[in-house]
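Down below is the structure, laid out as structure tokens.
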Amino acid sequence: MFTGLIQDIGKVTNVKPVGRGRQVEIFSPKLGSRLNVGDSVAVDGACLTVVKQQEQSFLVDVVEETLQKTTLANLQPTMLCNLELPLTAGDHFGGHFVQGHVDGVGKIIKFYPQTYEYWLTVQVPADLLRFVVNKGSISIDGISLTVALVENNEVSISVIPYTYTHTTLQFKKVGDMVNIEVDVLAKYVERLLATRGLTKPEITEDWLRDLGY
Numbered sequence: 002m003f004t005g006l007i008q009d010i011g012k013v014t015n016v017k018p019v020g021r022g023r024q025v026e027i028f029s030p031k032l033g034s035r036l037n038v039g040d041s042v043a044v045d046g047a048c049l050t051v052v053k054q055q056e057q058s059f060l061v062d063v064v065e066e067t068l069q070k071t072t073l074a075n076l077q078p079t080m081l082c083n084l085e086l087p088l089t090a091g092d093h094f095g096g097h098f099v100q101g102h103v104d105g106v107g108k109i110i111k112f113y114p115q116t117y118e119y120w121l122t123v124q125v126p127a128d129l130l131r132f133v134v135n136k137g138s139i140s141i142d143g144i145s146l147t148v149a150l151v152e153n154n155e156v157s158i159s160v161i162p163y164t165y166t167h168t169t170l171q172f173k174k175v176g177d178m179v180n181i182e183v184d185v186l187a188k189y190v191e192r193l194l195a196t197r198g199l200t201k202p203e204i205t206e207d208w209l210r211d212l213g214y
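Numbering (the working numbering) for the sequence shown: 2 to 214.
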């Protein structure tokens, strides 16, 4: 489990084919020494397993399915990526629940600075929109962000300067593809409603009490 708070920006130093997948080496002096073989690490929001650890870098295997469903197929040497280690007992929880299971790939269609922030608009796959709401959470390339506006199949986010400068968002431009993970809590709610035969329930005090709130 992750929180979507990026801990370092890694640099891809090598990519080689391994069967139908790929093995990627990532340079990260900040996190490399903290990882061991078998550990999990989120790379641009995708949870991967460390297969080799070096003093300032580590290697991960990216299987065929992950290549097909994420932007990791585009990784090449010198490219940068967002990195986050999983939560451990006692860690501060500052973002939202991020599983590292990418749900789909979106496309940046607007990205420009405003007075005190940056306005980011991403075109999101239609089948994911039911899990995205105003003021809700969404993970983009592993970054925990708060949704400012949902219109049609576009999701807009107000990005604060700190997030912009401490993630790969500072290098993104219109047309770039990004990994999307919707809020897992929204998935659980949909599943719960489905098991009760509800699709558009009327939210009442009794209904909330039945759900345990």
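Glycine residues also receive a C-beta, built at the ideal position from the N, C-alpha and C atoms.
Please read these numbers as outputs of a predicted model, since none were measured by experiment.
{"Asked": "How would you write the range of the alpha helix (DSSP H) that T67 sits in, first residue to last?", "Found": "65 to 70"}
{"Asked": "Are the CB atoms of I141 and V148 within a distance shorter than 8 Å?", "Found": "no"}
{"Asked": "In whole angstroms, what is the alpha-carbon distance linking E203 and S34?", "Found": "Only weak support is given to the placement of E203: the predicted model assigns it a pLDDT of 49, under 50, and the question is left unresolved by the model."}
{"Asked": "Please list, in chain order, all residues of the same chain as Q171 whose beta carbon is under 7 Å from its beta carbon, the five residues on each side excluded.", "Found": "Y165"}
{"Asked": "Return the CA-CA distance between I114 and L121, expressed in angstroms with no decimal places.", "Found": "Looking at the sequence provided, one finds Pro at residue 114 rather than Ile. Their Cα atoms are separated by approximately 9 Å."}
{"Asked": "Decide yes or no for the touch test of the region 18 to 34 against the region 47 to 60: beta carbon pairs closer than 8 Å, at least 3 of them.", "Found": "yes"}
{"Asked": "Tell me, please, which residues DSSP counts as bridged to P114.", "Found": "Y119"}
{"Asked": "If you drop the 5 nearest sequence neighbours on each side, which residues of the same chain put their C-beta closer than 8 Å to that of N135?", "Found": "V148, A149, L150, V151"}
{"Asked": "When the Cα of V123 is compared with those of K188, H97, N153, which residue comes out closest?", "Found": "N153"}
{"Asked": "Any idea what DSSP makes of D62, helix, strand or coil?", "Found": "strand"}
{"Asked": "How about L32: is its Cβ closer than 7 Å to a heavy atom in the ligand FAD?", "Found": "Among the components of this structure there are no ligands whatsoever, and the ligand FAD is therefore not found."}
{"Asked": "Cα separation between Y163 and F112?", "Found": "16 Å"}
{"Asked": "With H, G and I counted as helix, E and B as strand and the rest as coil, what does DSSP make of D128?", "Found": "helix"}
{"Asked": "Alpha carbon to alpha carbon, how far is A47 from V156? Give it in angstroms, no decimals.", "Found": "20 Å"}
{"Asked": "Going by C-alpha distance, which of Q8, V106, L32 is nearest K70?", "Found": "V106"}
{"Asked": "Rounded to a whole number of angstroms, what is the C-alpha to C-alpha distance between T205 and V64?", "Found": "Note that T205 scores 47 on pLDDT, short of 50, meaning its location in the model is unreliable; the coordinates nonetheless yield the value given after this. Rounded to whole angstroms, T205 to V64 spans 45 Å at the Cα level."}
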